[in-house]
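Which chain is which? The protein sequence lines are S and A, in order.
The first sequence: position 101 = 101 (my numbering), numbered continuously.
The second sequence: position 64 = 176 (my numbering), numbered continuously.
Backbone N, C-alpha and C define an ideal beta-carbon position, used for all residues, glycine too.
Fair warning: this is a prediction, and the values are worked out from it, not measured in the lab.
All remarks here apply to the structure that follows.
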Amino acid sequence: MKKIEAIIKPFVLDPVKDALKEIEIYGMTVTEVKGFGQQKGHTELYRGAEYQIDFVPKTRIEIVVPDAKVEAAIEAICQAAGSGKIGDGKIFVSPVETAIRIRTGERGESAL
Amino acid sequence: MKRGLTFLSLLVALPWAAYAGPADSGDTAWILTSTALVLFMTLPGLALFYGGLVGSKNVLSVLMQCFAITSLVSLLWLAGLYSVAFAEGNGFMGGFSKAMFAGMGTQSLTGTIPEAAFALFQLTFAVITPALIVGAFAERMKFSAMLIFSGLWVAVVYAPVTHWVWGGGWLGEMGLLDFAGGTVVHITAGVAALVAALVVGPRRTFPRTSTPPHNMTMTVTGAGMLWVGWFGFNGGSALGANGSSAMAMLVTHISAAAGSLAWMALEWRKFGKPSVLGIVTGMVAGLGTITPACGFVGPGGALLIGLIAGVVCFNATNLIKVRLKIDDSLDVFPVHGVGGIIGTLMAGFFASTELGVFSGFGFGKGIESLGQQLMVQATGVLATGVYAGVVSFGLFKLTDALVGLRVDEEQEVMGLDLTQHEERGYIL
């Protein structure tokens, strides 16, 4: 079981969600976040004065999937969120010890 | 109708102040309406315009400053400043015979309108002028210092200058054309704003990472209210409901439209995008600039005044903020001060009746040539600008000695809403 955390551009959230649905990943947690990577921030102009905006709005999705689906999920996200331009985002994968469905007490992959 | 004609002939036959009939109901109704429109410019127009332009941690402080100035100046106007501005006195200030609005009853008239309407209409001008200055020291001034400075400033700068121009003082006697406050309102406030920016100093983050406007929607809402309210500001300054007030409103509208498009076009060309803040700022520039001229110039003159306002104020804003790096935070001087200066000068020019389609309605009383009128206008600009600059500087130094002008660094970082008022604008 792995947790996949993807930081993506806000406007690709829907395509990413649909792509994950197609490979039968139905649950996700979504958070609006701000930050920067290689893209750095951007500047805005107000009455000709430049304002440096360091933290760019991004969307973070978190999903937990069985080991067998990890590569498919990564590919789906890259396909749906990639534009080939700087600022597309990043994906982080980490191991998850277990999962528990609170309603039934099920554990492990059957709780996903 | 016959009664109306009698009024008119009386008006022609008698000097203005000696008119002693009952108040003209049409004139009175329009001035009462204009009074409401001008108050609406400050609350909530200017408050929202400025409130949107600051960071979200300072939005309440700006709204509060506009509100508190409104209340404070209103009472000072009652106590004695109306008298300093409009009572009989010498060329430089009125006496105190009208302090506490002494002698003002329901039958007292100023021209053809009740004196109560005149005094209240003028009060709304006295309110918005110091409120304009707030934009220069936004996001760093102590609330107590703002109150002390604003109260003193209205007493020592605004009220006397009003007397000079409109209260029977020396500039008015000279034949200065200032229909609705290019010198009285915009030059005094604009120059005081520049002095404020220099004396108070820049925001700690200026110019590298100063906070951008936190709510442009609020700013555009306030800007729209300013445009509408300005009809009362300029149209009401005819002090009657007549051809002069109608023409003042018409040229005001044309100048606002021309100023906004001029600014938008320049920004589009220079920075690649036509910005929302650009178009509304151009509107304010067009409105401020036509203010002194609006009763004296025609629609053609207004078009040129508005276009010139957009171009000159746009470049002035870049010069002050970007090149000279003076943190007049909400650009009060380059828009209002510069607009007031060029508007007062252009009022003299476009008042000429010999400019073809760009003609106006004639020079000031006793003035015969364009050159003479322009000299008087330049004198008005210099006198009000220098006086406002020098006295504002003194008042900031005095306020600094009394309570200190700025909040400390930690308070500035936390924002004025929490540190000055213990409230937040948004709890989301």
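- DSSP, read as helix, strand or coil, puts Val-409/A in strand.
- Against chain S, the beta carbon of Leu-389/A has neighbours under 7 angstroms at Tyr-46 and Arg-47, listed in chain order.
- For Ala-500/A against Ala-271/A, the beta-carbon gap comes to about 12 angstroms, at or over 8 angstroms, which does not count as contact.
- Looking only at Glu-106/S, Phe-11/S, Ser-83/S and Tyr-26/S, the smallest Cα-Cα distance to Lys-58/S is reached by Phe-11/S.
- Counting along the chain, Lys-58/S sits inside the beta strand (DSSP E) bounded by residues 56-65.
- With a minimum length of 3 residues, there is no unbroken run of beta strand (DSSP E) contained wholly in the segment 232-294 of chain A.
- Here Leu-442/A is not near Ala-374/A, since their CB atoms are 8 angstroms or more apart.
- The beta-carbon separation of Met-337/A and Ala-368/A, rounded to 13 angstroms, does not stay under the 8 angstroms limit for a contact.
- In the three-state scheme derived from DSSP, where H, G and I count as helix and E and B as strand, Ile-102/S is classed as coil.
- Spatial neighbours of Ala-211/A in its own chain (CB-CB distance under 7 angstroms, excluding positions within 5 residues in sequence) are listed in chain order as Ala-191, Gly-192 and Ser-195.
- With respect to the 8 angstroms criterion, Ala-463/A and Phe-473/A are classified as neighbours on the basis of their beta carbons.
- In terms of Cβ geometry, Ala-292/A and Pro-404/A form a close pair [threshold 8 angstroms].
- In the three-state DSSP reduction, Gln-39/S falls in the coil class, being neither helix nor strand.
- Taking all protein chains shown into account, Pro-226/A has 16 or more neighbouring C-beta atoms within 10 Å of its C-beta and is therefore buried.
- Between Thr-147/A and Val-296/A, the alpha-carbon positions lie close to 17 angstroms from each other.
- If you check the CB distance, Leu-457/A and Ile-260/A do not come in under 8 angstroms.
- For Asp-440/A, there are no neighbours in chain S by C-beta distance under 7 angstroms, as the nearest C-beta there is about 11 angstroms away.
- Rounded to whole angstroms, the separation of the alpha carbons of Phe-55/S and Met-28/S is 24 angstroms.
- The Cβ-Cβ distance between Ile-4/S and Ala-73/S falls below 8 angstroms.
- The residue among Val-33/S, Tyr-46/S and Arg-101/S with its C-alpha nearest the C-alpha of Val-392/A is Tyr-46/S.
- The secondary-structure analysis by DSSP pairs Pro-226/A across a beta bridge with Leu-221/A.
- For Phe-343/A, the enclosing alpha helix (DSSP H) has its first and last residue at 328-347.
- Looking only at Ile-77/S, Glu-75/S, Gly-48/S and Asp-14/S, the smallest Cα-Cα distance to Leu-431/A is reached by Gly-48/S.
- Per DSSP, the unbroken alpha helix (DSSP H) holding Val-396/A starts and ends at 388-402.
- Gly-84/S and Pro-15/S have their C-alpha atoms roughly 16 angstroms apart.
- Interface criterion not met: the Cβ of Lys-169/A is under 8 angstroms from no Cβ in chain S.
- For a Cβ distance threshold of 7 angstroms, nothing in chain S lies close to Phe-445/A: the least Cβ distance comes to about 13 angstroms.
- In terms of Cβ geometry, Trp-282/A and Gly-203/A form a close pair [threshold 8 angstroms].
- For Lys-477/A, the nearest beta carbon of chain S is not closer than 8 angstroms to its own beta carbon.
- Straight across, the Cα-Cα distance linking Arg-107/S with Gln-38/S is about 39 angstroms.
- For secondary structure counted as the alpha helix (DSSP H) over 4 or more consecutive residues, the segment 442-522 of chain A holds these complete runs in sequence order: 450-462 and 482-515.
- Interface annotation, Thr-329/A: not in contact with chain S, CB-CB separation never under 8 angstroms.
- As DSSP reads the structure, Lys-9/S sits in no beta bridge.
- Put simply, of Val-450/A, Asn-427/A and Gly-413/A the residue whose alpha carbon is nearest the alpha carbon of Glu-466/A is Gly-413/A.
- In the displayed model, Ser-209/A falls within coil according to three-state DSSP, outside both helix and strand.
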